[in-house]
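A short worksheet on the structure shown next.
Protein chains: 2
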Amino acid sequence: MKKINIGLIGLGNVGSGVLKILNERKALLAEKIGLEINIKKICDIDPSAKKKIKLNKNLFSRKIKDIIDDPAIDIVVELIGGIHPAKEYIIQALEKGKSIVTANKALLAQEGRHLFALARDRGKSIYFEASVGAGIPIIKILREGLIVNKFSGIFGIVNGTSNYVLSQMSEQNRTFKEALAQARKKGFAEKDSTLDIEGIDSAHKLILLTYLASGKFVGMQDIFIEGISHISLADINYAKEMGLEIKLLAIAKKEASELEVRVHPTLIPSNHLLSSVSGIFNAIYVSSDLAGNMLFYGPGAGQLCAASAVVSDLVDLTADIKAGMFRPTLNISIDKSVKKLRKIDDIESRYYIRFMAKDQPGVLARIAGVLAKFGISIASVTQKERKRAQFVPIVMIVHDAKEKNLSEALRIVDKLNIISGKSVAIRIEEI
Amino acid sequence: MKKINIGLIGLGNVGSGVLKILNERKALLAEKIGLEINIKKICDIDPSAKKKIKLNKNLFSRKIKDIIDDPAIDIVVELIGGIHPAKEYIIQALEKGKSIVTANKALLAQEGRHLFALARDRGKSIYFEASVGAGIPIIKILREGLIVNKFSGIFGIVNGTSNYVLSQMSEQNRTFKEALAQARKKGFAEKDSTLDIEGIDSAHKLILLTYLASGKFVGMQDIFIEGISHISLADINYAKEMGLEIKLLAIAKKEASELEVRVHPTLIPSNHLLSSVSGIFNAIYVSSDLAGNMLFYGPGAGQLCAASAVVSDLVDLTADIKAGMFRPTLNISIDKSVKKLRKIDDIESRYYIRFMAKDQPGVLARIAGVLAKFGISIASVTQKERKRAQFVPIVMIVHDAKEKNLSEALRIVDKLNIISGKSVAIRIEEI
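In structure tokens:
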């Protein structure tokens with residue numbers, strides 16, 4: 005049986021999972037693919053990682069060159085994460101004629117354009133199924149299963165930590181702080197959870213999904229990013245009364261010839277499938293022109309989930325290598341109907357708005373007057389409490405408005421003496 | 005650019021969709037895969053089908069041998085449906101060294117074991133993505149994306165017609181008859197909808213899903229099949245009050261070393277994702293050991309949905325042909341931990357039961373007494389109306405019971421003089 009040699013860089017959580025699967029499912033894989041996937045070398049800077057290797061301690065090395073410089077190694081699996089030195093290792097490996105499997109969404113989001121181009125030049129491939137949605141084969145689905153489709157929208161819950169936090173708030177009536185503490189206690193949030201909570205990780209994944217769906221490789225600076233740390237339990241509950249659920253969505257959406265790419269807390273109808281995606285689960289809702297609206301759902305994190313995706317990439321790559329094929333561009337073609345990116349100021353959306361306004365006659369007239377000046381019309385409005393002459397929440401849904409107009413209107417409303425503090429606005433998405 | 009020639013048999017709904025896509029997306033496909041997929045001949049017994057061909061009428065033929073006997077044709081796309089002559093055409097094409105793309109679930113369910121073996125012998129492939137879940141790439145997901153996983157359960161809503169009917173009953177409070185009439189009016193049910201409504205079509209698809217998940221090719225006689233035509237609106241509403249929703253599920257489930265394969269109306273918790281799958285949509289819920297619990301959702305029918313799947317198969321096949329690969333077994337391996345199929349009598353399940361019982365003291369004691377004799381314990385019971393000395397519905401949920409014991413108990417209960425008619429029992433699935 006033909007043997008494909010791989011070098012594994014990084015024996016952390018996912019790396020150990022890959023090692024475990026390749027050891028335990030050797031026979032199953034050989035039977036299915038008619039090839040042996042052989043781990044030739046495992047590299048980790050931490051010498052104690054060696055303990056995780058049960059079968060053959062000689063596989064272990066602390067020197068990266070034992071992988072990069074070994075001509076017998078066909079595939080390098082990079083699982084150390086972060087930008088450096090992952091980027092350098094991948095570049096060196098490609099230059100030595102090796103193909104790459106990686107789960108490194110931060111690196112691909114930042115350097116993917118360059119790395120994919122380098123792979124193409126060298127006739128090698130970069131596979132990255134584990135970088136979005138853990139075990140959900142969303143990358144294979146987009147680039148192979150739906151290959152002939154054009155996409156008008158991708159709406160993803162792609163960060164398990166923030167979805168867990170929002171679910172805890174919505175389902176358990178916890179405040180953001182309590183929910184985050186609970187996530188940490190459960191091991192679903194890291195000590196510094198900024199990347200997850202502030203939407204950065206979701207934006208990394210959105211860059212990859214956008215690339216797969218449209219061929220456009222946008223940068224972090226192109227994406228409007230807003231996290232969930234400012235979301236209050238009160239707003240979640242008010243929105244729920246109006247049949248809306250809150251989710252941190254990564255959105256790539258085509259409007260005419262423009263593409264919107266944004267990550268922000270989003271209100272969606274409670275009966276939409278995405279609203280039922282609870283806890284650390286991920287789901288990607290895809291609007292395609294031929295196959296229609298689809299949803300792909302599964303755990304968003306977990307050692308074996310991600311390792312399952314890495315191994316499926318290894319299988320595809322070994323088949324490519326056996327057949328002498330190479331698919332560096334991953335079948336991605338550019339959607340030429342997309343002419344430009346739309347800035348957040350120019351998007352149109354319905355909004356949920358909450359003002360803290362004085363409970364006295366004439367207040368609504370003044371707020372509505374400002375909104376009207378900006379062409380914003382009110383779909384519904386409710387005063388949530390009664391406390392004569394004190395500040396009480398007024399909750400409003402407005403019809404489609406341009407973001408720029410809305411922010412401008414709210415800036416003026418917030419200066420009125422009948423208003424206390426900064427108004428809250430949350431975008432409502434019609435999916 | 006290398007050209008792969010295909011012959012298309014059947015220019016009906018899906019066939020026309022495939023023709024349309026291949027014509028309109030020629031450039032996109034060529035760019036993505038670096039190959040030209042060229043329709044060399046289209047065959048249909050109906051001469052009027054020729055009218056559907058816009059570009060080159062010479063492509064049309066009424067003679068199947070123009071495809072089968074043409075050595076330049078690499079791939080035969082069979083889209084006529086039914087067993088004969090589709091089976092004969094596929095066999096002849098394989099024997100002439102061609103690979104196959106088909107959407108014919110009925111044929112594959114009945115003859116797949118033989119056809120897949122023949123393909124393997126000839127070193128050719130049969131691809132069938134469009135046969136289950138229309139455009140949802142569930143076959144690719146199971147055989148490639150989740151290749152290294154073992155599956156403990158597959159729960160599929162795989163028939164759009166029956167799901168539409170049940171949704172209409174549950175959401176619009178229509179009777180079965182009214183809901184089916186509505187489905188016909190909307191074009192979601194054929195005049196003779198027996199295959200859909202009675203679970204036969206779901207069973208065909210279940211055979212294919214079971215094959216992909218376990219390597220076992222079960223026959224129709226191995227599957228317990230119960231349709232939805234006997235489901236009453238009253239039971240749907242009573243179940244809903246108990247937090248349960250009804251779905252026609254195709255289930256392949258491993259219990260220890262046994263495999264259960266069954267299609268029947270099933271009650272599931274209303275907050276489960278599958279409960280939100282409404283109308284003609286399909287969804288397949290998959291329990292895998294590494295990647296976890298996943299759901300794949302999309303339209304269950306539609307010309308372009310199915311055609312999208314057929315074209316994705318064509319793309320994979322052309323890549324195989326270009327690379328000189330062949331994947332006739334579709335990477336399927338046999339789950340050796342499955343020792344036997346479990347008969348419906350031996351399954352264990354919770355049940356929803358409705359009796360029509362006389363409204364008089366002592367009735368519940370008599371029913372409960374019979375159940376107790378068979379070791380069946382009651383989780384909850386509610387009498388739904390009060391009409392002294394008349395027959396009223398008594399609705400019950402029982403804890404896990406063996407199907408055989410339950411049927412036997414109900415047979416005895418139904419003979420009691422306090423009971424009118426046949427009791428209703430609906431299985432409750434813990435997904």
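The listed protein sequences correspond, in order, to chains A and B.
Using our numbering, you'd call the opening residue of the first sequence number 5 and step up by one each time.
Using our numbering, you'd call the opening residue of the second sequence number 5 and step up by one each time.
Don't be surprised by glycine CBs; every beta carbon is placed ideally from N, CA and C.
On a predicted model such as this, the values are computed, not experimentally measured, just so you know.
Take the alpha-carbon of A113(B) and the one of S135(B): they are about 10 Å apart. If you look at K406(B), you'll find it in the beta strand (DSSP E) that goes F395 to K406. For N153(A), the nearest beta carbon of chain B is closer than 9 Å to its own beta carbon. The residue among L150(B), D125(B), L277(B) and E182(B) with its C-alpha nearest the C-alpha of F159(B) is L277(B).
Under the Cβ criterion of 9 Å, D349(A) is not counted among the residues facing chain B. Within chain A, P141, K144, I145 and G149 have C-beta atoms less than 8 Å from the C-beta of I145(B), given in sequence order. Residue pairing for V80(A): DSSP places it in a beta bridge opposite G11(A) and I104(A).
Interface annotation for the region 33-48 of chain A against chain B: L33, E35, K36 and I37, criterion Cβ-Cβ distance under 8 Å. Under the 10 Å beta carbon count, P365(A) is surrounded by fewer than 16 other beta carbons and is classified as exposed.
Here G164(A) is not near F300(A), since their CB atoms are 9 Å or more apart.
Residues of the region 172-195 of chain A with a C-beta less than 9 Å from any C-beta of chain B: none at all. Taking the beta carbon of A107(B) as reference, no residue of chain A falls within 8 Å; the closest one sits roughly 14 Å away. Within the region 60-81 of chain B, no residue places its CB atom closer than 9 Å to a CB of chain A.
Under the 8 Å Cβ criterion, the region 368-382 of chain A does not count as touching the region 285-300 of chain A, having fewer than three qualifying pairs. According to DSSP, Y301(A) shares a beta bridge with A287(A) and L299(B). Rounded to the nearest whole angstrom, the C-alpha separation of I382(A) and P269(A) is 21 Å.
Below 8 Å, too few C-beta pairs join the region 209-217 of chain A and the region 179-187 of chain A to call them touching: fewer than three.
Chain-ordered, the chain B residues with CB closer than 7 Å to the CB of Y301(A) read L277, M298 and L299. Under the 9 Å criterion on CB atoms, R126(A) is classed as non-interfacial with respect to chain B. Sorting K61(A), A123(A) and F221(A) by C-alpha distance to the C-alpha of S52(A) places K61(A) at the top. Take K109(B), set aside five residues on each side of it, and the residues of its chain with a beta-carbon closer than 6 Å to its own are S135, H208 and K209, in chain order. Boundaries of the alpha helix (DSSP H) harbouring N167(B): G164 to Q176, taken from the DSSP string. By the beta-carbon neighbour count (other beta carbons within 10 angstroms, threshold 16), R390(B) is exposed.
A distance below 7 Å between beta-carbons, with the five flanking residues on each side excluded, links I423(A) to the following residues of its chain, in chain order: F359, M360, A361 and V417. Chain A places a beta carbon closer than 9 Å to that of S312(B), counting this residue as a contact. The beta carbon of S427(B) is closer than 7 Å to those of I357, R358, F359, L414, V417 and D418 in its chain, skipping five residues each way along the sequence. Beta-bridge partners of R266(B) (DSSP): F228(B) and I255(B). Non-local C-beta neighbours of I37(A) in its own chain, meaning closer than 6 Å and more than five positions away in sequence, comprise V319, ordered along the chain. At a cut-off of 3 residues, the continuous stretches assigned as beta strand (DSSP E) that sit fully inside the region 318-366 of chain A are 352-362. Within 7 Å of the CB of A123(A), no CB atom of chain B is found; the nearest one sits about 16 Å away. Taking the Cα of A107(A) as reference, the smallest distance to any Cα among E249(A), S316(A) and D363(A) is reached at S316(A). C-alpha of E433(B) to C-alpha of L271(B): approximately 6 Å in a straight line. Bounds of the alpha helix (DSSP H) holding A243(B) are L237 to E245. Taking 8 Å as the upper bound for CB-CB distance, V152(A) and R29(B) are in contact here, some 5 Å apart.
By the Cβ-count criterion, N286(B) is buried, with 16 or more other Cβ atoms from all chains shown falling within 10 Å of its own Cβ. Of the residues V399(B), G11(B) and Q394(B), the one whose Cα lies closest to the Cα of K388(B) is V399(B).
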